[in-house]
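According to the working numbering, the residues represented by the sequence shown are 1 to 358, in order.
C-beta atoms are modelled at their ideal positions from N, C-alpha and C, and glycine is treated no differently.
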Amino acid sequence: MFPPECSTLRLPVACTFLAAISPVQADALQSEITSAWTLAEQRAEETFDWMDSTLGDPLMYSRYPTLGNNATGRWTLTNLNRDWRDGYWPGILWMLAERTGSEIWRQRATDWTIPLEATTNIDHDIGFITLTSLGKGLLHHDELTDPDNVYRDFAKAAVLTAAAKLEARFNKPNAFGDPVPAGFTRSWNTPFQDPYPVCIDNLMNLEVLFLAYELDGCQTGQRVWFDHALQHARSTIARHMRPDGGTYHVVKHFETGPHVGTVERKHTWQGFAAESTWSRGQAWAIHGFTMVHRHASRDPTSCRPRISMPRQESRSGHGTTRTSTTTPPPSPASVTAGPRRLPSPRGIRPQPPSQHQA
């Protein structure tokens, strides 16, 4: 298992919350949680059966459910072309394996996780792809489930490779080969959202740098991974956050000239307006800063921003969160993630092929 300092992907928030409410409330909440897990397992089983019947082995293991299709009521499947959401499906399977102790869910999680080690993704989303899949598997396995360290060694190597890819994006050089001193890992690849864009989502990817540093034994030579992750978080406080605790979605930076590395403009790519707070991005910030603080608190200097949801009502009448919270949207609330791109072929299989039996 992870050493204690590497257990930051596990958040015992529910347990802490349950301890702070009355027994009656706790029982009711626990019942709802149990029902949610039951529904999640049912939906995952239905998704597996659908993919198995329409695609079958081995093709299904190179496809990832990423986006709902309203017309068909089914998932849109991405095709190993490095979509940022690819890790979520195997991550769900790892969580079900952990919850149920089922070898069937563990094998399914492994089958969909292994191909992501070979992802060709080279932008900031490498953290999303790696930690939700390979990272979840690392948390799941121990000496009993992986006695020869086959999976854990494999996943550790993948995390280190992902960290190296993300590290290469810190102050990423411009078209002339000159580093852009923005103090961030760059989001996306040119020409999309140029010049030198940094989205609030990127906070979530920083954990691959922190985790890789720890998994590699906190080697002096890899200290730069920790330092640059922390610098990115501090730069986010300085440039993405507003006085009211809201955040900008994207901050762009000059890539050349006398102002290189400074802010060119702040705007939104998926929210309502430049000065609104994109709700999913705000959630990225809350989660991301919490994660950063956990790692930074082991360092002499820490990162403690004040970030919160604006006081304005941020939920729509039908129970979904609005796309943006500080500016009323002109259309129904959006809860979908816009498409991007996807990974590569099946690699090693540390466990025998699954028999697809529930």
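Local conformation of R223 per DSSP, three classes:
The residue labelled residue 223 in the question sits at position 223 within the sequence shown. Here R223 sits in helix by DSSP.
**Message:** Checking 8 Å against the spacing of the C-beta atoms, do Y64 and T78 come in under that value?
**Reply:** Locating residue 64 in the sequence shown gives position 64, counting from the first residue. Locating residue 78 in the sequence shown gives position 78, counting from the first residue. Contact flag set, yes.
By how many angstroms is the C-alpha of N174 removed from the C-alpha of S35? Stepping through the sequence shown from its first residue, residue 35 is reached at position 35. Stepping through the sequence shown from its first residue, residue 174 is reached at position 174. Whole-angstrom Cα-Cα distance: 51 Å.
Where A168 falls, given that 16 or more other Cβ within 10 Å makes a residue buried: Within the sequence shown, numbered from 1, the residue matching residue 168 stands at position 168. Burial call: exposed.
(request) Write down every uninterrupted run of the alpha helix (DSSP H) in the segment 129-212 whose length is 4 residues or greater and which is fully enclosed by it, in chain order. (result) 136-140, 150-167, 202-205
Are T247 and G281 close, meaning C-beta to C-beta below 8 Å? Along the sequence shown, read from residue 1 onward, the residue named residue 247 stands at position 247. Along the sequence shown, read from residue 1 onward, the residue named residue 281 stands at position 281. Yes, the pair counts as a contact, with Cβ atoms nearer than the cut-off.
Considering just the uninterrupted stretch of the beta strand (DSSP E) at E46, what are its terminal residues? If you number the sequence shown from 1, residue 46 lands on position 46. Taken as a continuous stretch (DSSP letters only), E46 belongs to no beta strand (DSSP E), being part of the alpha helix (DSSP H) at 23-54.
Beta carbon of N202: closer than 7 Å to some heavy atom of the ligand MN?
Ligands in the displayed structure: none, and consequently the ligand MN is not present.
Practice problem: Would you identify the three-state DSSP class for H124, choosing helix, strand or coil? | Solution: Position 124 of the sequence shown, counted from the first residue, corresponds to residue 124. Note: H124 maps to coil in three-state DSSP.
ask   = Nearest to G101 by alpha carbon, out of H141, A26, A155?
value = Reading the sequence shown from its first residue, position 101 is the one you call residue 101. Out of H141, A26, A155, H141 has the C-alpha closest to the C-alpha of G101.
Pull up the distance between the alpha-carbon of A157 and that of L59, whole angstroms please. In the sequence shown, residue 157 corresponds to position 157, counting from 1. In the sequence shown, residue 59 corresponds to position 59, counting from 1. Rounded to the nearest angstrom, the two C-alpha atoms are 25 Å apart.
**Message:** Just to confirm the assignment, what range does the alpha helix (DSSP H) spanning W278 have?
**Reply:** If you number the sequence shown from 1, residue 278 lands on position 278. Per DSSP, W278 belongs to no alpha helix (DSSP H) and is neither H nor E.
From what residue to what residue does the alpha helix (DSSP H) around E103 run? Within the sequence shown, the letter at position 103 stands for residue 103. Where E103 is concerned, the enclosing alpha helix (DSSP H) stretches over 103-113.
*Where do the N-terminal and C-terminal ends of the beta strand (DSSP E) with E117 fall, by residue?*
Translated into positions along the sequence shown, residue 117 becomes position 117. First-last for E117: undefined, no H or E at that position.
Backbone secondary structure at R294 - three-state DSSP: The residue you call residue 294 lines up with position 294 of the sequence shown. In the structure shown, R294 sits in a helix (DSSP, three-state: H, G or I).
Just to confirm the assignment, what range does the beta strand (DSSP E) spanning L77 have? Reading the sequence shown from its first residue, position 77 is the one you call residue 77. Unbroken beta strand (DSSP E) run through L77: 74-78.
### Message
To the nearest angstrom, how far is the alpha carbon of S133 from that of L116?
### Response
Your numbering for residue 133 matches position 133 in the sequence shown. Your numbering for residue 116 matches position 116 in the sequence shown. Going by the C-alpha atoms only, they are around 8 Å apart.
**OP:** Leaving aside the five residues before and after W94 along the sequence, list all residues of the same chain whose C-beta is less than 7 Å from its C-beta, in chain order.
**Re:** As a position in the sequence shown, residue 94 is number 94, starting the count at 1. Excluding residues within five positions, the ones whose Cβ falls inside 7 Å are A109, K136, G137, H140.
**Message:** What would DSSP say about R234, mapped onto helix, strand or coil?
**Reply:** In the sequence shown, residue 234 corresponds to position 234, counting from 1. Note: R234 maps to helix in three-state DSSP.
| request: Would you identify the three-state DSSP class for E214, choosing helix, strand or coil? | output: By one-based count along the sequence shown, residue 214 stands at place 214. Here E214 sits in helix by DSSP.
Q) Beta carbon of F170, beta carbon of H124: below 8 Å? A) Locating residue 170 in the sequence shown gives position 170, counting from the first residue. Locating residue 124 in the sequence shown gives position 124, counting from the first residue. For F170 and H124, no; Cβs fall outside 8 Å.
**Q.** Backbone CA spacing between A40 and V180 [nearest angstrom]
**A.** Reading the sequence shown from its first residue, position 40 is the one you call residue 40. Reading the sequence shown from its first residue, position 180 is the one you call residue 180. Taking the straight line joining both Cα atoms gives about 44 Å.
Notebook entry, point to check: Which word fits R223, buried or exposed, when buried means at least 16 other C-beta atoms lie within 10 angstroms of its C-beta?
Noted result: As a working note, residue 223 is residue 223 in the sequence shown. R223 should be labelled exposed.
_Helix, strand or coil at T66 [DSSP, three-state]_ = Looking up residue 66 in the sequence shown gives position 66. T66: strand per DSSP, three-state reduction.
Note to self: Judging by CA-CA distance, which residue of D216, Y213, I200 is the nearest neighbour of R239?
What the structure shows: As a first step, residue 239 must be located in the sequence shown, where it is residue number 239. For R239, the nearest C-alpha among the options comes from I200.
Query raised in the report: What whole-angstrom Cβ distance do L203 and F289 have, given they're in contact under 8 Å?
Result: Numbered from 1 along the sequence shown, position 203 holds the residue referred to as residue 203. Numbered from 1 along the sequence shown, position 289 holds the residue referred to as residue 289. Going by Cβ atoms, the distance from L203 to F289 rounds to 7 Å, so yes, they are a contact pair.
**Asked** So what does DSSP say about R85, is it helix, strand or coil?
**Response** To locate residue 85, count along the sequence shown from 1; it is residue 85. R85 falls in the coil class under three-state DSSP.
Per DSSP, what kind of secondary structure is R242 in: helix, strand or coil?
As a first step, residue 242 is located in the sequence shown; it is residue number 242 there, counting from the start. Coil at R242, not helix or strand.
- Under the three-state reduction of DSSP, which class applies to E98: helix, strand or coil? In the sequence shown, the residue the question calls residue 98 occupies position 98. In this structure, E98 counts as helix in the three-state DSSP scheme.
| Minimum C-alpha distance to N121 - residue among A44, K165, R298 | In the sequence shown, counting from the first residue as 1, residue 121 sits at position 121. Closest option to N121, Cα to Cα, is K165.
Give the straight-line distance between the Cα atoms of V150 and V159, rounded to the nearest whole angstrom.
Walking along the sequence shown from the start, residue 150 turns up at place 150. Walking along the sequence shown from the start, residue 159 turns up at place 159. Roughly 15 Å between the two C-alpha positions.
Output the boundary residues of the beta strand (DSSP E) element that contains E255.
-> Translated into the one-based positions of the sequence shown, residue 255 becomes position 255. That residue, E255, is in no beta strand (DSSP E); it is neither H nor E in DSSP.
Of the listed residues I126, W105, L80, A212, nearest to I92 (C-alpha basis) | As a first step, residue 92 must be located in the sequence shown, where it is residue number 92. With distances taken between Cα atoms, I92 lies closest to W105.
First and last residue of the uninterrupted beta strand (DSSP E) at H267: If you number the sequence shown from 1, residue 267 lands on position 267. From DSSP, the beta strand (DSSP E) with H267 extends over 263-267.
ask   = Between T262 and G271, what straight-line distance do the alpha-carbon atoms span, to the nearest angstrom?
value = Counting from one through the sequence shown, the residue named residue 262 turns up at place 262. Counting from one through the sequence shown, the residue named residue 271 turns up at place 271. Looking at the two C-alpha atoms, the distance is approximately 23 Å.
* To do: Determine the closest residue to A155 out of G177, W188, A118, with distance taken between C-alpha atoms.
  => On the sequence shown, residue 155 is found 155 positions in, with the first residue counted as 1. The residue with the shortest Cα to Cα distance from A155 is A118.
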